[in-house]
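Peer 1: Take the sequence shown: its letter number 28 is residue 27 in numbering that gives the first Met the number 0, and every next letter is one higher.
Have a look at this one before I ask anything.
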Amino acid sequence: MEKICPVCNSLTAISQLCPCCEEVLTDGGPIENYYGAYSPYMDVLSLQYDLPDSQCVHLLYCPICHYDTCAAWELMCV
């Protein structure tokens, strides 16, 4: 079985609110994309991060006040 992220695959909408201005946070994508110039193009299994294997961690940011945070979603089996 393959595991997929519900946020990456648009199966789950982001509904978290910014604690500063209460705007809905925007998904900035998986944090792996921010680790290096070629990291978005590499196989996730080949990247060595200290992340849980059963979760996909995304950067969430506020387009109004520029607050940012990370949030994790459990991977789904398909």
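We put the beta carbon where it would ideally sit given N, CA and C, even for glycine.
Where does ILE30 fall in DSSP's three states?
Peer 2: The answer is helix: DSSP assigns ILE30 an H, G or I state.
Peer 1: Measuring straight from C-alpha to C-alpha, what distance separates ALA12 and MET75?
Peer 2: Those two C-alpha atoms are separated by around 15 Å.
Peer 1: Using only the alpha-carbon positions, how far apart do CYS19 and VAL6 sit?
Peer 2: CYS19 and VAL6: Cα-Cα distance of roughly 23 Å.
Peer 1: What do you get for SER45, buried or exposed, if any count of 16 or more other CB atoms within 10 angstroms of its CB means buried?
Peer 2: Any reading at SER45 is ruled out, since the residue's pLDDT is 45, under 50, leaving its predicted position unreliable.
Peer 1: Among GLU1, LEU10, CYS4, LEU24, which residue has its Cα nearest to the Cα of ASP79?
Peer 2: Because the chain here runs from 0 to 77, residue 79 falls outside it and cannot be looked at.
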